[in-house]
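Beneath this line is the structure, given in structure tokens, with notes to follow.
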Amino acid sequence: EERARREAGAAPGGATGSRLLTGHSAYYAEVEAFVTRFYRGQSGLLFNSGFDLNLGLFACLAQGGDLVLFDELMHSSVREGLRLSRARSAAFRHNDAADLEAHLRGIEPGFAGCVIVAVESVYSMDGHCAPLREMSALCRRYGACLVVDEAHGVGVFGHGGRGLVEELGLCDEVFCRVNTFGKAVGAHGAVLLGPPVLREYMLNYCRPLIYSTAMPTHALAAIKAAHEFLDRHAEARQRRLRDLVAAFQAGLAAAPALAARALASPSAIQGVVVPGN
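Taking the working numbering, I'd label the letters of the sequence shown as residues 3 to 279.
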């Protein structure tokens, strides 16, 4: 916070209100622009948390007459947003591109609404990575908008920790990304990355943003400092993480009873299913 005050004249303490009223500042705009450039987004909008972002995005983005298709293992924040939405929604089988295509093919003739496909790049409970190339191609073929939650991809994948979408070269192929700062980044908050029209729409219609007090200066400073650190050190940290994952998996392989219950995962999330409860 002291650095933010010194370099940008940022006010100390809390934001005092919503960004649409008293909570916005030049430093807020600076950090937002910095994070957007870091993730190579067209435009960006900061939120207090990933849950707030997903809740607001899925509550207000799709309209009556639209359809949202989501992976059956999507995070609760997306499901809660869809409960508030006027759009129809349906789940497809986890990481199953063929089932997603069956849903897209099954849309009734003459359907005039928008179709939104929601996936996570890395799933929080299983560590599975979404087949983003296949799903991106399907969305392009059927005219659907792909939304990717990168909560568990940020830091772990991509140059500088920019996420799996960036690593696969799909930044221009997805409609928007939800990148959060509470996992590998070690801060809190989130950014919505997408076209400028989406940013303007969310500023005017996203209730969790409109009616929440903006983040304080120290939170913004932590977000900026963490991303500066990522830019310098992410590759070394990723190599260390891959070594740890390999060591863990080798240890599991030496214990057949545990290995039989392990979930296959290339990510930092390594699950072993323990029966009971």
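Each residue gets a CB set at the ideal place from its N, CA and C atoms; glycine is no exception.
As the structure is a prediction and not an experimental result, all values here were calculated from the model.
- Beta-bridge partners of Gly196 (DSSP): Ser45.
- According to the DSSP secondary-structure assignment, Arg90 is paired through a beta bridge with Leu69.
- Comparing alpha-carbon positions, the option among Glu32, Val167, Val33 and Phe40 lying closest to Arg234 turns out to be Phe40.
- Under a 10 Å Cβ-count criterion, Ser78 is classified as exposed, with fewer than 16 other Cβ atoms of the shown protein chains found around its own Cβ.
- A contact is defined here as three or more CB-CB pairs under 8 Å, and the region 118-127 meets this definition with respect to the region 149-158.
- Burial check for Thr24: the Cβ neighbour count within 10 Å stays below 16, so the residue is exposed.
- Shown here for Glu82: same chain residues with a beta carbon closer than 6 Å to its own, the five before and five after excluded, namely Leu57 in chain order.
- Shown here, Ile212 sits in a helix according to DSSP, grouped into three states.
- When the Cα atoms are used, Cys62 and Tyr207 turn out to be separated by approximately 7 Å.
- By the CB criterion at 8 Å, Ile109 and Leu84 fall outside the cutoff.
- The residues Ser20 and Leu22, in chain order, have a CB closer than 7 Å to that of Ile212 in the same chain once the five nearest residues on each side in sequence are set aside.
- Gly163 and Val156 do touch by the CB rule: their CB atoms are close to 6 Å apart, below 8 Å.
- For Asn50 and Cys131, the gap between their C-alpha atoms comes out near 25 Å.
- When the Cα atoms are used, Val275 and Ala264 turn out to be separated by approximately 6 Å.
- Straight across, the Cα-Cα distance linking Ala228 with Cys141 is about 33 Å.
- Taking a contact as a CB-CB distance under 8 Å, the pair Val180 and Ala153 counts as one, their CB atoms being some 7 Å apart.
- As the crow flies, the alpha-carbon of Arg107 is around 52 Å from that of Gly15.
- In this structure, the CA atom of Met217 is about 27 Å from the CA atom of Ala64.
- A straight-line Cα-Cα distance of about 27 Å links Ala259 and Arg242.
- The beta carbons of Leu195 and Gly43 sit about 3 Å from each other, so the pair counts as a contact at 8 Å.
- DSSP places Cys178 in the strand class (E or B) of the three-state scheme.
- With respect to Ser138, Glu103 sits apart: the two C-beta atoms are not nearer than 8 Å.
- In the structure shown, Val276 adopts coil according to DSSP, grouped into three states.
- The C-alpha of Gly184 lies about 42 Å from the C-alpha of Gly112.
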